[in-house]
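Chemist:
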Amino acid sequence: MPYNMYPEQQAIRDDVKEFCEREILPVSAEWDQMPEPRKYPFEIYRKMGDVGFIGYATPKEYGGQGRSNLDYITVIEELSYHDAAFGLLCAIGELATFSITHFGSEEQKQKYLPKCMSGEYVASFVLTEPDAGSDAAHCTTEAVETDSEYVLNGEKIFIMHGDAAHIAVVFCRIKDKPKMSAFIVETDQPGWQATTLKQKLGMRAATTARIILKDVKVPKENLLGDVGRGFRYAMTTLDGARIGVGAQAVGLSQRALDESVAYAKKRIAFGQPVAKLQAIQWMIADMSVKLEAARMMTYKAAHMQDKGEKFSFEAAQCKLFCSEVANFCVDKAMQIHAGYGYIGEFSPIEKLYRDQRVLEIYEGTSEIQRLIIAANVIGR
Ligand SMILES: Cc1cc2nc3c(=O)[nH]c(=O)nc-3n(C[C@H](O)[C@H](O)[C@H](O)COP(=O)(O)OP(=O)(O)OC[C@H]3O[C@@H](n4cnc5c(N)ncnc54)[C@H](O)[C@@H]3O)c2cc1C
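The sequence shown begins at 1 in the numbering used here and counts up one residue at a time.
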């Protein structure tokens, strides 16, 4: 049973469990194994909106639930326990709208956020480019300002839900301005071309896209915040999102542990359950310890965010550690299940193995987290 920081956290877990058993588990394998071209699960996303999971930490006046970040990451942790791809689906709703909630004008918030929170609109966070991933500040997508609007041209890659999005927060440079800015783009504009990426290893229910922007017109009022502040908005958004990745990792690791314990108790080798073997017990002990440390780091970072403290350093520590713990736990779960872990028809371990890997890549790779952590510890 996961540790709760406060009693209501269990109520959130129970709500999410009930939702997953009703809406996700019956179709989880179908979404994972869907032949390409993949579709986006609009219906389930809408249902997540109906029960309030999207925008859990967004203020109520904009259609969110007005809950704490600790509450929000509990939702992500529990969704990820049942199916990490749907945990990601929900987390992207928060990632993509965070900049609007925190840096948008009142008009922008009123216009876009309620539709995003209800799940009527899907939103995307559009930063990465083919030649600017970790080095996102060097993106080349450009906005040209005319008398009446901005006109955007460029290419973006690896964009979660880019193929399904109704709106997108696009980060790019305005011509002749040195620093990055951000825009809210309505994706039904001519020139927005999204292609679903194929052969993705895991997290398959949540689609990922390449975006070409070809003379996409954006009204002036859709500039997000101030000119030249886009990079800061993106990095602030990613700080919070990294705690969400920690929660995905914790949920996924808990599932790997629970599956391993149950399997080890029933699998007989040499006349006894393999759970009686010290080699198996030590793997389970190590999984349990690392998982608990990961959970505490995630809750600590979310708690600091809730208190309004600086938390970039703790978010980077959380993202790095938790994603590597998930890698460890899923690997050990595979070893404990052996052949029955490697083949997907026998257990969920094969899917956990595929879903886990991206946690060490997106929202800043492990190497980038180490850079941030070292800069904080040693000084720049
Ligand atoms: C499934 C998926 C979903 C994603 N979703 C989104 C999304 O919704 N929106 C979005 O904008 N982006 C998204 N991304 C992009 C993701 O954030 C980038 O893939 C990530 O930041 C790494 O960039 P890159 O893949 O270009 O790798 P690169 O930056 O090319 O890195 C290559 C390698 O070099 C290392 N490296 C790079 N620079 C340094 C350095 N200074 N020091 C040490 N090592 C370094 C990296 O850690 C990595 O090992 C997603 C990616 C994936 C795979």
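Even glycine gets a Cβ: it sits at the ideal position worked out from N, Cα and C.
For ligand 1, any of its heavy atoms closer than 8 Å to the Cβ of Met203?
Modeler: Taking the first residue of the sequence shown as position 1, residue 203 is located at position 203. Yes - ligand 1 has a heavy atom lying nearer than 8 Å to the Cβ of Met203.
Chemist: Hey, could you find the ends of the beta strand (DSSP E) Lys395 is sitting in?
Modeler: No statement about residue 395 is possible, as the shown extent of the chain runs from 1 to 380 and does not include it.
Chemist: What are the boundary residues of the beta strand (DSSP E) that includes Gly49?
Modeler: As a first step, residue 49 must be located in the sequence shown, where it is residue number 49. That residue, Gly49, is in no beta strand (DSSP E); its alpha helix (DSSP H) goes Phe42 to Asp50.
Chemist: Using the C-alpha atoms, what's the distance from Asn4 back to Val386?
Modeler: Because the chain spans 1 through 380 in this model, residue 386 falls outside it and cannot be assessed.
Chemist: By Cβ distance below 7 Å, which residues in the same chain neighbour Ala96 in space, the five residues on each side in sequence not counted?
Modeler: In the sequence shown, residue 96 corresponds to position 96, counting from 1. Correct list, in chain order: Ala123, Ser124, Phe125 and Val169.
Chemist: Beta-carbon within less than 7 Å of Pro219's beta-carbon, same chain only, minus the 5 sequence neighbours each way: which residues are those?
Modeler: Translated into positions along the sequence shown, residue 219 becomes position 219. Glu149, listed in sequence order.
Chemist: Could you spell out where the alpha helix (DSSP H) holding Thr416 opens and where it closes?
Modeler: A question about residue 416 goes unanswered here, because the residues of the chain that appear run from 1 up to 380.
Chemist: With a threshold of 8 Å (Cβ to nearest heavy atom), would Ile54 be considered close to ligand 1?
Modeler: Within the sequence shown, residue 54 is the residue found at index 54, counting from 1. Every heavy atom of ligand 1 is 8 Å or more from the Cβ of Ile54, so no.
Chemist: Identify, in the order they occur along the chain, each residue of the same chain with its Cβ nearer than 7 Å to the Cβ of Met334, setting aside the five sequence neighbours on each side.
Modeler: Numbered from 1 along the sequence shown, position 334 holds the residue referred to as residue 334. Cβ within range, chain order: Gly341, Tyr342, Ile349 and Tyr353.
Chemist: Just to confirm, is the Cβ distance from Ala374 to Ala302 under 9 Å?
Modeler: Counted from its first residue, the sequence shown places residue 374 at position 374. Counted from its first residue, the sequence shown places residue 302 at position 302. Not closer than 9 Å, so no.
Chemist: Straight-line CA distance for Glu63 to Ser134?
Modeler: Here the question's residue 63 lines up with position 63 in the sequence shown. Here the question's residue 134 lines up with position 134 in the sequence shown. It should be noted that the sequence gives Gly, not Glu, for residue 63. In a straight line, the C-alpha of Gly63 is about 33 Å away from that of Ser134.
Chemist: Would you tell me roughly how many angstroms separate the C-alpha atoms of Asn327 and Ala293, rounded to the nearest one?
Modeler: Indexing the sequence shown from 1 puts residue 327 at position 327. Indexing the sequence shown from 1 puts residue 293 at position 293. Going by the C-alpha atoms only, they are around 14 Å apart.
Chemist: Whole angstroms is fine: what's the gap from Val216's alpha carbon to Ala262's?
Modeler: One-based indexing of the sequence shown puts residue 216 at position 216. One-based indexing of the sequence shown puts residue 262 at position 262. Rounded to the nearest angstrom, the two C-alpha atoms are 53 Å apart.
Chemist: In terms of residues, what are the limits of the beta strand (DSSP E) holding Ala137?
Modeler: Indexing the sequence shown from 1 puts residue 137 at position 137. Segment: none, Ala137 is in no beta strand (DSSP E) and carries neither H nor E.
Chemist: By DSSP, does Ala194 sit in helix, in strand, or in coil?
Modeler: On the sequence shown, position 194 is the one that residue 194 refers to. The answer is strand: DSSP assigns Ala194 an E or B state.
Chemist: Using the C-alpha atoms, what's the distance from Ser118 back to Phe183?
Modeler: Sequence index remark: in the sequence shown, residue 183 carries index 183 (1-based). Sequence index remark: in the sequence shown, residue 118 carries index 118 (1-based). Those two C-alpha atoms are separated by around 22 Å.
Chemist: Determine the closest residue to His166 out of Cys116, Gly308 and Thr146, with distance taken between C-alpha atoms.
Modeler: Residue numbering aside, residue 166 sits at position 166 when the sequence shown is read from its first letter. For the residues Cys116, Gly308 and Thr146, the minimum Cα distance to His166 belongs to Cys116.
Chemist: Decide if Glu129 is buried, meaning its Cβ has at least 16 other Cβ atoms within 10 Å, or exposed.
Modeler: In the sequence shown, counting from the first residue as 1, residue 129 sits at position 129. It is buried - the Cβ of Glu129 has at least 16 other Cβ atoms within 10 Å.
Chemist: Is the CB-CB distance between Ser253 and Met203 below 9 Å?
Modeler: Position 253 of the sequence shown holds residue 253. Position 203 of the sequence shown holds residue 203. The answer is no: Cβ separation not under 9 Å.
Chemist: Less than 9 Å separating the beta-carbons of Ser347 and Glu259?
Modeler: Position 347 of the sequence shown holds residue 347. Position 259 of the sequence shown holds residue 259. Their beta carbons are under 9 Å apart, which means Ser347 touches Glu259 by this criterion.
Chemist: Note down, one range per segment and in chain order, each alpha helix (DSSP H) of at least 4 residues found wholly within the segment 29–110.
Modeler: Complete alpha helix (DSSP H) runs here, min 4: 42–50, 69–82 and 84–103.
Chemist: Whose CA, out of Ser68, Gln10, Asp71 and Glu120, lies closest to the CA of Phe42?
Modeler: If you number the sequence shown from 1, residue 42 lands on position 42. Selected option, being the one with the closest Cα: Glu120.
Chemist: Report whether the distance from the Cβ of Ser124 to the nearest heavy atom of ligand 1 is below 8 Å.
Modeler: In the sequence shown, the residue the question calls residue 124 occupies position 124. Within the cutoff, so yes.
Chemist: Apply the 10 Å Cβ neighbour rule to Gly240 and answer buried if 16 or more other Cβ atoms are within range, or exposed otherwise.
Modeler: Within the sequence shown, residue 240 is the residue found at index 240, counting from 1. It counts as buried.
Chemist: Can you tell me whether His161 is buried or exposed, with buried defined as 16 or more other CB within 10 angstroms of its CB?
Modeler: Here residue 161 is taken as the residue at index 161 of the sequence shown, counted from 1. His161 should be labelled buried.
Chemist: Excluding the 5 residues preceding and the 5 following Asp83 in the sequence, name in chain order all residues of the same chain whose CB lies nearer than 6 Å to its CB.
Modeler: Within the sequence shown, the letter at position 83 stands for residue 83. Closer than 6 Å at Cβ, skipping near neighbours: Ile24 and Ser28.
Chemist: Pair every Cβ in the segment 226–235 with every Cβ in the segment 59–75, then say whether three or more of these pairs are closer than 8 Å.
Modeler: The segment 226–235, when compared against the segment 59–75, does not touch it at the 8 Å Cβ threshold.
Chemist: Can you name the residues that DSSP bridges to Glu186?
Modeler: Locating residue 186 in the sequence shown gives position 186, counting from the first residue. The partner list for Glu186 (beta bridge, DSSP) reads Ile167.
Chemist: List the residues that DSSP assigns as beta-bridge partners of Tyr150.
Modeler: Mapped onto the sequence shown, residue 150 falls at position 150. For Tyr150, which the question treats as bridged, DSSP gives the partners Glu145 and Val218.
Chemist: Is Val151 near ligand 1, in the sense that its beta carbon is under 8 Å from a heavy atom of that ligand?
Modeler: The residue labelled residue 151 in the question sits at position 151 within the sequence shown. Result no, Cβ not under 8 Å from ligand 1.
Chemist: With the cut-off set at 9 Å, would you say Glu94 and Gly87 are in Cβ contact?
Modeler: Sequence index remark: in the sequence shown, residue 94 carries index 94 (1-based). Sequence index remark: in the sequence shown, residue 87 carries index 87 (1-based). It is not a contact, given that the beta carbons lie outside the stated cut-off.
Chemist: Spell out the partners DSSP gives Phe125 in its beta bridges.
Modeler: Numbered from its first residue, the sequence shown carries residue 125 at position 125. Its beta-bridge partners are Val169.
Chemist: Alpha carbon to alpha carbon, how far is Gly230 from Pro178?
Modeler: For this step, residue 230 is matched to residue 230 along the sequence shown. For this step, residue 178 is matched to residue 178 along the sequence shown. One C-alpha to the other measures close to 11 Å.
Chemist: Taking its Cβ as the centre, do 16 or more other Cβ atoms sit within 10 Å of Val377, making it buried, or is it exposed?
Modeler: Along the sequence shown, one-based indexing puts residue 377 at 377. Its Cβ having fewer than 16 others within 10 Å, Val377 is exposed.
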